[in-house]
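Some notes on the structure that comes next.
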Amino acid sequence: MGRALMTTNALATLIAEIEADPSLEEPGRLLQRIDVLDRLEADLPDVRSADPHAASIDLALCERARDVRARLEGANRAVYRSIRCGIRCGSGATPLVGWAEKHRAAGDVTTPVHGEHYDSLDVLVGGVLRLSPPGPAVGELDQEMVPYQPTPARHIFDLMDRVGLTEHDVLVDLGSGLGHVPLLVSICTDAEAVGVELQPAYVESARRCARTLNLSRAAFLQQDARETDLSAGTVFYLFTPFIGGMLRSVLDSLHVQAASRAIRVCTLGPCTPMVAEEPWLKTEDAPVTDRIAIFGSRGRA
Ligand SMILES: C[S@@+](CC[C@H](N)C(=O)[O-])C[C@H]1O[C@@H](n2cnc3c(N)ncnc32)[C@H](O)[C@@H]1O
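In this text, residue positions in the sequence shown follow our numbering: the first is 6, and each later residue adds one.
The structure is reproduced here in structure tokens:
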């Protein structure tokens, strides 16, 4: 069977499934809708480019595909709007945390928290935060600086669950990119959150989001993490923003902070093994690179 015919068959089956299930448009089925839209996108590479002839897809089928996609995307936008509205009024944590819990309950069966992949929770968070994607305005990075990649959303909710942030905490994301972590922390917890990021375009995008959503407890500094005053932070997060000597230098600064008060350091990715070697830090978990590791300082030096 040719590729085009296989695509058409898979697409026809998927569209028939969607059309037969009107409940898919209910607000509570957001996560299923995101998955269905993902499948639709995979089966329909040429419809978005409005060139159905290129894939020999039946025109009527194309029309039905466009129609179901528009209805499902519209239903998603309505949920995002309502969550944004709640956040602006200060009651946004409950729906967002509720969605993260639903996602986790489904994930216990299908996608565990471990891993670097993105999934439906990232689409949901993206729809709510509406961050501008990184654009050409972004400058070159030094060799030891790691280019932007966001923490998968399920890890951020995992961090918030396990760290138990309170109103006495200030979480500092060192190398905060577009700001997902500080933004979600300020929406979902009582802590303050600060993002430190070198790239001005990312900082501007994060600040714009915080302003639009009335997030008074999220702040973004356009700075080199090596030169940042870390004295207000109680929890520091690093999604491997830098490596080598740069990471060494920031770990030394964190060590200085830990000499005068208890701090926690949370990491994700390849920087975790290096952080785990720090004698002034301890952890109760076996640190792995594909789930956030949480370290506590050992007490005053
Ligand atoms: C892997 S991304 C992590 C983004 C964000 N923390 C998250 O988890 O969604 C690393 C970020 O660190 C930034 N970065 C790299 N070196 C930096 C430095 N010395 N000071 C501040 N930001 C830095 C990069 O521009 C990039 O946006």
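Where is the CB? At the ideal position from N, CA and C, for every residue including glycine.
For LYS107, which residues does DSSP report across the bridge? For this step, residue 107 is matched to residue 102 along the sequence shown. Answer is none; LYS107 lacks a bridge partner.
Find the nearest neighbour of ASP195 within the set TYR207, TRP285, LEU220, judged by alpha-carbon distance. Here residue 195 is taken as the residue at index 190 of the sequence shown, counted from 1. Looking at the Cα atoms, LEU220 is the closest of the given residues.
Tell me the rounded alpha-carbon separation between GLY301 and ASP229. What you label residue 301 is simply residue 296 of the sequence shown in a count that begins at 1. What you label residue 229 is simply residue 224 of the sequence shown in a count that begins at 1. Cα to Cα, the separation comes out at about 24 Å.
Regarding THR99 and ligand 1, is the C-beta to nearest heavy atom distance less than 7 Å? Reading the sequence shown from its first residue, position 94 is the one you call residue 99. THR99: no, Cβ never under 7 Å from ligand 1.
CB of VAL84 within 8 Å of CB of PRO27, strictly: If you number the sequence shown from 1, residue 84 lands on position 79. If you number the sequence shown from 1, residue 27 lands on position 22. No. Outside cutoff.
8 Å contact criterion, which PHE244 and GLY184 should meet: CB distance rounded: Counting from one through the sequence shown, the residue named residue 244 turns up at place 239. Counting from one through the sequence shown, the residue named residue 184 turns up at place 179. In fact, because the Cβ distance is near 12 Å, the residues do not count as touching under 8 Å.
With DSSP collapsed to three states, give me the class of SER258. Against the sequence shown, residue 258 aligns to sequence position 253. In this structure, SER258 counts as helix in the three-state DSSP scheme.
Collapsed DSSP secondary structure at ILE92 in the structure displayed: Reading the sequence shown from its first residue, position 87 is the one you call residue 92. Helix, per DSSP.
Please tell me whether, using a cut-off of 7 Å, the distance from the CB of THR245 to the nearest non-hydrogen atom of ligand 1 is below it. Locating residue 245 in the sequence shown gives position 240, counting from the first residue. Because some heavy atom of ligand 1 lies under 7 Å away, the Cβ of THR245 counts as near it: yes.
Only counting the same chain, and skipping five residues up and downstream in sequence, which positions put a Cβ closer than 8 Å to that of PRO275? Reading the sequence shown from its first residue, position 270 is the one you call residue 275. The residues are THR245, ILE248, THR294.
Taking the Cβ atom as the reference point for each residue, do ILE192 and LEU136 lie within a distance shorter than 8 Å? Translated into the one-based positions of the sequence shown, residue 192 becomes position 187. Translated into the one-based positions of the sequence shown, residue 136 becomes position 131. For ILE192 and LEU136, no; Cβs fall outside 8 Å.
With the cut-off set at 8 Å, would you say ALA80 and GLU30 are in Cβ contact? As a first step, residue 80 must be located in the sequence shown, where it is residue number 75. As a first step, residue 30 must be located in the sequence shown, where it is residue number 25. Taking 8 Å as the Cβ cut-off, ALA80 and GLU30 qualify as a contacting pair.
Touching or not, the region 229–240 and the region 284–294, by the rule of three or more beta carbon pairs under 8 Å? no
Check whether the Cβ atoms of ALA346 and ASP127 lie closer than 8 Å to each other. This structure gives no information on residue 346, because the portion of the chain shown stretches from 6 to 306.
VAL118, DSSP secondary structure in three states: As a first step, residue 118 must be located in the sequence shown, where it is residue number 113. In the structure shown, VAL118 sits in coil (DSSP, three-state: anything other than H, G, I, E or B).
Any non-hydrogen atom of ligand 1 closer than 7 Å to GLN148 Cβ: Position 143 of the sequence shown holds residue 148. Result no, Cβ not under 7 Å from ligand 1.
Paired residues, beta bridge with ASP337 - DSSP: Only positions 6 to 306 of the chain appear in the structure, and residue 337 is not among them; the question remains open.
Of the residues ILE297, GLN227, ASP48, HIS260, which one's Cα is nearest the Cα of PRO278? Mapped onto the sequence shown, residue 278 falls at position 273. For PRO278, the nearest C-alpha among the options comes from ILE297.
If you count every other CB in all the chains shown that lies within 10 Å of the CB of HIS108, and 16 or more means buried, which is it? One-based indexing of the sequence shown puts residue 108 at position 103. Looking at its Cβ environment, which holds 16 or more other Cβ atoms inside 10 Å, HIS108 is buried.
At the level of alpha carbons, what is the spacing between GLN204 and SER265? For this step, residue 204 is matched to residue 199 along the sequence shown. For this step, residue 265 is matched to residue 260 along the sequence shown. GLN204 and SER265: Cα-Cα distance of roughly 31 Å.
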